[in-house]
Amino acid sequence: MASDTSKRSSYFLISPMALIFAVFLVIPLLTIVVVSFWDYDEYRILPDFIFENYEYLLGSSVTWSIYLNTLKYAVLTWFFTLVIGFTVAYFLAFHVRSLTWQIVFFMLCTIPFWTSNIIRMISWIPFLGRNGLLNSALINLGIVDQPLEFLLFSDFAVVLADVHLYALFMVVPIFNSMMRIDRSLVEAARDAGASGFETLKSVIVPLSKPGIAIGSIFVITVVMGDFITVRLMSGGQSASVGLQISNEIGLLQYPAAAASAVVLLITVLLIVTALLRLVDIRKEL
Amino acid sequence: MALFSKTRERRPTSFYFLAAFFALFVLFLYGPMLTIFILSFQGENGGLTFPMNGFSFHWFGNLFEQQAVGDFGGSFSRSLKLGLIVMVVTVVVSFMAGLAFRKRFRGDSVIFYLAIASLIVPSILISLGIGLLFNIVEWQPQWFTSALGAHLTWTFPFGLLIMFAVFNRFDPSFEEAARDLGASNWQTIQYVVLPMVGPSLIGVAMFSFTLSYDEFARTLMTAGALNTLPLEIYGMTTNVTTPVLYALGTVTTGFSFLVIALALGTVAIMRRRKGQKA
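Here's what the structure looks like:
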């Protein structure tokens with residue numbers, strides 16, 4: 124077969140995906156960049172080339188505190204999902220011995236991921252609320268006299284919900300990396316006299332790094348851009364970059380929202396580039 | 002020592018700590034969902050938290066009264082249709098792309114990085130970008146145009162990555178054998194490739210349907226005048242203060258479970274059939 128026909132068939136096969144990405148990813152992102160230089164009044168957006176949106180955004184101390192707050196959520200969520208994800212993956216990969224049980228437990232972890240995020244957030248309300256299960260239990264046990272107010276509608280609730288929603292994003296890639304570790308390496312370490320902890324530190328953690336990097340990329344990018352968790356779980360008392368963008372959209376200040384979006388996109392891409400230095404994604408599939 | 006390594010070793014102490022940790026993790030995942038499941042059967046006079054004030058199906062009934070809680074039926078049917086369209090398109094397009102990526106072609110890394118970008122660009126940016134684009138060219142956003150495109154940018158990367166994983170482990174000698182026996186390109190795909198990658202395609206289908214069915218951020222500015230279910234649920238969280246919210250949660254979660262069970266069941270049946278043939 125001539126390579127020309129096979130090349131042509133490759134282009135034919137890839138064209139639908141390329142087209143959708145062009146129309147619904149590339150052009151929209153370019154549109155955001157263009158609109159971020161436009162002007163606006165109460166009713167419409169006006170084509171222009173001004174830097175006011177950026178000047179206003181970067182000159183405002185509110186922006187910086189919102190970024191700081193968003194980073195705080197991202198770092199905390201990243202830390203907790205990493206600890207939980209690594210521990211769970213380690214248990215599944217090295218302590219569960221039969222493949223069947225590995226699959227069953229793995230499925231058990233993944234199923235909640237297939238349900239609505241918003242419902243999963245709402246489901247914390249009866250647990251954390253003022254008269255919720257946790258407060259009633261604490262009062263009944265005599266640990267506190269008054270219901271704890273910080274449980275729901277607080278930073279605590281935001282991070283808790285984020286960890287709840289995204290822990291799986293860490294479990295899956297780390298588990299995937301761990302399953303590829305040659306078991307004889309672990310045995311060799313043990314035969315050479317390494318304790319369980321030493322094996323973990325010098326064999327398993329280094330070899331799980333690609334999974335850790337991929338999980339971190341997922342968790343950090345998703346929390347950096349999130350607005351719904353912050354709105355629902357903080358009860359409107361905290362801000363995040365995504366929430367700021369969504370508020371500006373609500374006020375029809377599209378050029379301002381676009382400028383915020385461009386800055387957010389650059390921030391996220393910088394973080395991802397830094398993390399990608401640790402891993403070659405294409406090798407991991 | 003090596004002789005006996007096949008026999009069951011005694012579990013180290015760390016196993017029990019890790020097992021307990023895992024059990025807590027599962028409780029953490031399912032506990033909250035379980036509470037709203039129970040509370041959705043709250044009695045007619047019951048509130049958003051425990052105690053249960055009797056047991057009733059009142060809030061489920063309430064769900065289907067249009068004026069009380071918005072348009073549950075309409076938004077559900079839109080989300081269902083959208084999910085099905087996204088599913089079919091994602092399966093077909095990802096499969097085609099997977100086939101294309103088995104050979105190198107100019108621009109293959111561009112498509113690959115676009116897929117990765119699509120995965121990590123915050124969803125609200127996709128929503129904003131498509132919303133702005135439609136605004137500028139003066140197209141009316143609709144759930145079956147702009148929202149469909151927005152959802153595809155989210156499901157394609159998953160579909161493509163699954164196809165990569167499948168074809169990386171795919172032995173091309175089966176196809177060579179088919180071709181040597183005189184099969185055409187299309188016959189090779191139909192009788193050799195498709196049956197072998199079938200279960201993975203079911204996986205892609207389930208992935209894309211549930212991702213679309215539950216997607217909120219990408220739909221926000223792209224759905225147009227009519228809400229999808231997640232938008233409807235979100236609207237309810239701000240103005241509904243009765244357990245009807247939990248009833249809705251129970252119904253949609255139950256539906257998601259049904260879809261998962263359907264997908265797993267189909268894969269199991271396909272596997273068994275393959276086993277019988279072999």
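As they're listed, the protein sequences go chains A and B.
First residue of the first sequence: 124, per the working numbering; consecutive thereafter.
First residue of the second sequence: 2, per the working numbering; consecutive thereafter.
Every residue, glycine too, gets a C-beta built ideally from N, C-alpha and C.
query, result
"Identity of the residues DSSP links to D162 (chain A) by a beta bridge", "A:L169"
"heavy atom of the ligand ZN below 7 Å from W60 (chain B) C-beta", "Looking at this structure, you won't find the ligand ZN or any other ligand, since it has none at all."
"Nearest-angstrom Cα separation, counted from I207 (chain A) out to F18 (chain B)", "13 Å"
"Contact list for G150 (chain B) against chain A, beta-carbon separation under 8 Å", "I143, V146, F147"
"Host alpha helix (DSSP H) of K104 (chain B) (start-end)", "Looking at the DSSP string, K104 (chain B) is not in any alpha helix (DSSP H), and its letter there is neither H nor E."
"Beta-ladder partner(s) of Q225 (chain A), from DSSP", "Q225 (chain A) pairs with nothing; no bridge assigned."
"Separation of F276 (chain A) from S259 (chain A), as counted between CA atoms", "17 Å"
"Proximal residues to M164 (chain B) (C-beta, below 7 Å), its chain only, five neighbours per side dropped", "S95, F96, A98, G99"
"8 Å Cβ cutoff, V205 (chain B) in contact with chain A", "no"
"Where S331 (chain A) falls, given that 16 or more other Cβ within 10 Å makes a residue buried", "buried"
"Chain-order list of residues whose beta-carbon lies under 7 Å from that of T8 (chain B) (same chain, five-residue window excluded)", "With a pLDDT of only 49 at T8 (chain B), under 50, the local geometry of the prediction cannot be trusted, and no value is derived from it."
"Three-way DSSP call (helix, strand, coil) for Q191 (chain B) in this model", "helix"
"Same chain, Cβ closer than 6 Å to N54 (chain B), five either side skipped, listed in chain order", "G44, N46, G47"
"Outcome for Q360 (chain A) when other beta-carbon atoms lying within 10 angstroms are tallied against a minimum of 16", "exposed"
"Chain B contact for V211 (chain A) (CB, 8 Å cutoff)", "yes"
"Chain B contact for F279 (chain A) (CB, 8 Å cutoff)", "no"
"F56 (chain B) - DSSP class collapsed to helix/strand/coil", "strand"
"Range of the contiguous alpha helix (DSSP H) that encloses W187 (chain A)", "184–213"
"CA-to-CA distance, N254 (chain A) to Y247 (chain B), given in whole angstroms", "17 Å"
"Nearest residue (CA-CA) to P249 (chain A), options B:I39, B:I261, B:R219", "B:I39"
"Collapsed DSSP secondary structure at Q360 (chain A) in the structure displayed", "coil"
"Short Cβ contact (8 Å threshold) for A362 (chain A) with E371 (chain A)", "no"
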